[in-house]
Amino acid sequence: MPLNTRSPKPTDQAEAATDEVLPQERKAETAAETATETVTTTVTTTEPEAVTTAEPETEPESVTTVEPEPEPQPEPEPVTAAEPEAVTTTEPEVDAPEVPETTETPETPGTPGTPGTSEAPEPPTEQPPAADGPADPPQGPRGPRGPRRRWHDWRDGHPLAAQVISIATTVLAGVLILVALVAPNRLAFFHFAQFVRIPVEGLVCSVVLVALPSRYRRITAWLMGAFLGILTILNLFDIGFNYFLGRSFNIILDWPLLSDAESYLKDSMGTAGAIATEIGAVVLALALLGIMSLAVVRLSNVMARHRQRSTRALMVLSMAWMTSISLSLTIGGVPIAAEHTVVVVKQRKDLWLDTLRDERTFGKTVNADTFGNTPPSQLVPALRGKDMIFTFIESYGRSAIDDPAIGPGVTKTLTKSTAALKKAGFAAKSGWLNSATYGGSSWLGHSTFMSGLWLDNQSRYHTATASKHLTLTEAFKKTGDYDTVGVMPGVQKGWPESKWYGLDKVYNAFQLGYKGPKFSWSTMPDQYALEQFQRTVHSKKPADGKSLMSFIILTSSHQPWAPIPKMVDWDKVGDGSIYDAIEKAGKDPADVFYNSTAVKQEYGKSVQYSVTALTQWLERYGNKNTVLVFLGDHQPMAKVSGQGANHEVPVSIVAKDPKVLDAIDSWNYTDGLQPAKNAPVWQMSAFRDKFLTAYGSTPHPTKG
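337 is the number that our numbering gives to position 14 of the sequence shown; each next residue is one higher, with no gaps.
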């Protein structure tokens, strides 16, 4: 009968024992003890030499068993035991060989299932913990507890809370990815139905992540997350550009506008506010990159751990997507089957390719000028001797007249001003122009109107202003009969474009002698700028007997439309100090700008102020030779004019000499300062050639 004997546990080993035991030793001992079919085991704790199995004993030291039963788990400390020897079943007793005591060599069991074999003990070695680790954490000194270790400890101690957090994190990651894939690029389109959709991009990427091996899955998930973060940032730029400028962000052309945006923030919010906004924008961009990457990685890990469930879910969603697109299923008019990101990426690619193509070809367009070779004597002969003034009113768009919330007040002002001008001997005709810009970038409107070129982006603007393409203002200078002057209260730095406009002298914000307060972005009230223009320029006849051509850009109707100046007695304008009390009593920009009702009301009031200041100046200082052309540069931002509003602006020509207005009878413009709803609408770039032709200029084109 096989015997299993143990050597007694040494005393010093018992004192030094720990609660750690290698899993291999446990498995080996269990295998050795259960290997035999019929085992009669007698454990002697005092003398290993005498072991018998003749009769069952009641003492705890000797146990006789008929059937093999698992013994209690052995003591965790290492022990030394002899291997079972090969015996024959006919002999009832076998003397166990004497086993020398040792405290270093662990017990080496025989091969499980093959009793009667024994192996020589292996020399003592230092064994590292097995891959599955001991049952209890190893004792002894530990390093500092990092965040990951603390999280694991907390999770082990709070399993329910940890599970809730895990589920919530997974759901949040899925929601973030869904929003990034289907979010529109216009605020007006943000509603619930836009986000109850199945994005095909998410399905395709999920299939790829589930199919990839672990190593490649992680890398791919990070790359997908970063790409999704970049798309989200670009989408936010689109939202902002559509909100303010009525168009999407062009990554090739629009980076220079960021410096103009910074200047606007400083003028409107102060340096500290501008810096805080810029830091916040950078932090938001970095956070989006990180958060979207983590979201994709999180979802990919969950799908990998539950591969079968994920595969089934993807199959169901794919079938739902195909069914939805086949049957054109919608929720609230929005298709359930979404391919928004694919469409957006394609649109961006097409926009970038068109931009690059336009940059290569627009140079030829600039060089082709209908009046590029016209001799000076054949330019605007019908306006010789006239006191010419071209004036832009900031953000003066069609919505100022047509919008029910704005139009009544502006219409009243236009009607009153028309009557006052008529009383002073002036007549006017008005129509509509379709501006090259919207909500901002006023210089694109100015340059398009003056050059006859469609300058709707920065690249075209830079190409045009670096060329010799003739502008309206340059045409008057080219005649040799005009001094040309620019009054630019909004210009606060160098303005090299003045040469392209053909201006002999420019008065910027610092050269108009203003001592009063700023009104948000506007450096000075329009009434002051016009009064200073009168004192400095208009009241003084050119010494050489020339006429005067003036280019004026007014600023009081610039957003955020608070506070708004008020008209004062022209004789009391002085150096502008009178406006201190008016500015302090005005409304706070934040209270107006973020209130959808108030912002429309205040915008309308600002336009009324600018129109009143300009027409009163004309009544007061105009003469029989004065010809005023004034117009808006663009529509106000979408917050005021509405999403999807057109780009149309009013344009008026005012003069005392009837011949000036008779020359444009064929234009079918409306009498007065307010154009009729059905008055002609031209592209803003068409005005230059029509104006030059109407007043006698002869075309002599240059080739592109």
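Quick reminder that beta carbons are idealized off the backbone N, C-alpha and C, glycines included.
**Asked** Roughly how far, in whole angstroms, is the beta-carbon of Gln-958 from the beta-carbon of Ser-722, given that I think they are within contact range, below 8 Å?
**Response** The C-beta distance from Gln-958 to Ser-722 rounds to 6 Å, short enough to fall under 8 Å.
**Message:** I'd like to check one pair, Val-977 with Ala-751: are the Cβ atoms closer than 7 Å?
**Reply:** The answer is yes: Cβ separation under 7 Å.
**Request:** Express the C-alpha separation of Ser-929 and Asp-898 in angstroms, rounding to a whole number.
**Result:** Just so you know, the alpha carbons of Asp-898 and Ser-929 end up roughly 21 Å apart.
**Prompt:** In chain order, what residues of the same chain have a beta carbon less than 6 Å from the beta carbon of His-881, not counting five sequence neighbours either side?
**Reply:** For His-881, where only same-chain residues beyond five positions count, the Cβ hits under 6 Å are Glu-717, Trp-844, Ser-845.
**Message:** Would Leu-871 and Asp-806 be called neighbours here (beta carbons separated by less than 7 Å)?
**Reply:** Less than 7 Å separates the beta-carbon of Leu-871 from that of Asp-806.
**Message:** Give me the residue from Gly-945, Asn-1001, Leu-706 with the minimum Cα distance to Ser-862.
**Reply:** Of the candidates Gly-945, Asn-1001, Leu-706, Gly-945 places its Cα closest to the Cα of Ser-862.
**Request:** Report yes if the C-beta distance between Phe-856 and Val-810 is below 7 Å; otherwise report no.
**Result:** It is a contact, given that the beta carbons lie within the stated cut-off.
**Message:** Quick check: what's the CA-CA separation for Phe-833 versus Lys-889?
**Reply:** Each residue's alpha carbon lies about 22 Å from the other.
**Message:** Among Phe-515, Thr-993, Asp-583, Ala-643, whose alpha-carbon lies nearest the alpha-carbon of Gly-655?
**Reply:** Comparing Cα positions, the closest option is Phe-515.
**Prompt:** Among Glu-601, Ser-529, Tyr-539, Val-620, which has the Cα closest to the Cα of Leu-640?
**Reply:** Taking Leu-640 as reference, the option from Glu-601, Ser-529, Tyr-539, Val-620 with the minimal CA-CA separation is Ser-529.
**Item:** Integer Cβ distance of Ala-908 from Val-915, believed to fall under 8 Å
**Value:** The pair is not a contact, with the Cβ atoms about 14 Å apart (cut-off 8 Å).
**Message:** Does Asp-710 come out as helix, strand or coil in the three-state DSSP assignment?
**Reply:** It is a strand residue.
**Exposure of Leu-767, with buried meaning 16 or more beta-carbon neighbours within 10 Å** = The residue is buried, with at least 16 neighbouring Cβ atoms inside 10 Å.
**Message:** Across the stretch 589 to 607 and the stretch 535 to 552, are there enough close Cβ pairs to call them in contact, namely three or more that are closer than 8 Å?
**Reply:** Short answer: they don't touch.
**Asked** Apart from the five residues on each side of it in sequence, which residues of its chain come closer than 8 Å, Cβ to Cβ, to Gly-839?
**Response** Excluding residues within five positions, the ones whose Cβ falls inside 8 Å are Met-847, Pro-848, Tyr-851, Asp-898, Gly-899, Ser-900, Ile-901, Tyr-902, Asp-903, Glu-906.
**Check whether Tyr-926 and Ile-887 have beta carbons under 7 Å apart** = Using a Cβ distance threshold of 7 Å, Tyr-926 and Ile-887 do not count as a contacting pair.
**Message:** Tell me which residues share the same chain as Phe-513 and place their Cβ nearer than 7 Å to its Cβ, disregarding the 5 neighbours each side in the sequence.
**Reply:** Cβ neighbours of Phe-513 beyond the five flanking positions: Pro-507.
**Message:** I'd like to know if the stretch 544 to 557 and the stretch 599 to 612 are in contact, where contact means that at least 3 CB-CB pairs between them fall below 8 Å.
**Reply:** Touching, yes, given that three or more Cβ pairs across the two stretches are closer than 8 Å.
**Message:** Can you tell me where the beta strand (DSSP E) holding Leu-954 begins and where it ends?
**Reply:** First-last of the beta strand (DSSP E) with Leu-954: 949 to 955.
**Prompt:** For Leu-652, which residues of its own chain have a beta-carbon under 8 Å away from its beta-carbon, when the five flanking residues on both sides are left out?
**Reply:** Answer for Leu-652: Thr-646, Pro-658, Ile-659, Ala-660, listed in chain order.
**Prompt:** Taking buried to mean at least 16 other C-beta atoms within 10 Å of its own C-beta, is Asp-710 buried or exposed?
**Reply:** Around the beta carbon of Asp-710, 16 or more other beta carbons lie within 10 angstroms, which makes this residue buried.
**Prompt:** Quick one: any contact between the stretch 670 to 680 and the stretch 564 to 576, if contact means 3 or more CB pairs under 8 Å?
**Reply:** At 8 Å Cβ cutoff, the stretches touch.
**Message:** With a threshold of 8 Å, are at least 3 pairs of Cβ atoms found where one atom belongs to the stretch 696 to 710 and the other to the stretch 1009 to 1025?
**Reply:** Because the criterion of three Cβ pairs below 8 Å is met, the stretch 696 to 710 and the stretch 1009 to 1025 touch.
**Request:** May I have the straight-line CA-CA distance separating Thr-802 from Gln-966, to the nearest angstrom?
**Result:** If I take the Cα positions, the gap works out to 44 Å.
**Asked** In three-state terms, what does DSSP make of Leu-495?
**Response** Three-state result, Leu-495: helix.
**Request:** Can you grab the Cα-Cα spacing for the pair Thr-600 / Arg-541, in whole Å?
**Result:** Going by C-alpha positions, Thr-600 is about 34 Å away from Arg-541.
**Request:** Compare the beta carbon distance of Gln-693 and Pro-1024 with 7 Å and say whether it is the shorter of the two.
**Result:** In the sequence on display, residue 693 carries Thr and not Gln. Taking C-beta atoms as the reference points, Thr-693 and Pro-1024 count as a pair closer than 7 Å.
**Prompt:** How about Leu-504 and Gly-525: are their beta carbons less than 7 Å apart?
**Reply:** A contact, by the Cβ cut-off of 7 Å.
**Asked** Under 7 Å, do Tyr-784 and Ser-774 count as touching if we go by C-beta distance?
**Response** Not a contact, by the Cβ cut-off of 7 Å.
**Message:** How far does the beta strand (DSSP E) with Asp-806 in it extend, from its first residue to its last?
**Reply:** From DSSP, the beta strand (DSSP E) with Asp-806 extends over 805 to 810.
**Prompt:** Would you call the CB atoms of Gly-813 and Phe-567 closer than 7 Å?
**Reply:** No, they are not a contact pair.
**Message:** Taking a contact to mean a Cβ-Cβ separation below 7 Å, would you say Met-1007 touches Asn-757 in this structure?
**Reply:** Contact check for Met-1007 against Asn-757 passes: the beta carbons are separated by less than 7 Å.
**Request:** Kindly indicate which three-state DSSP category Leu-756 falls into: helix, strand or coil?
**Result:** Reduced to three states, the DSSP call for Leu-756 is strand.
**Request:** Using 6 Å as the cut-off, classify the Cβ of Thr-492 as near or not near the heavy atoms of the ligand ZN, replying yes or no.
**Result:** The model depicted lacks the ligand ZN and carries no ligand whatsoever.
**Asked** What did DSSP end up calling Thr-1016 once you bin it into helix, strand or coil?
**Response** Here Thr-1016 sits in helix by DSSP.
**Cα-Cα separation between Met-638 and Val-527, rounded to whole angstroms** = A straight-line Cα-Cα distance of about 11 Å links Met-638 and Val-527.
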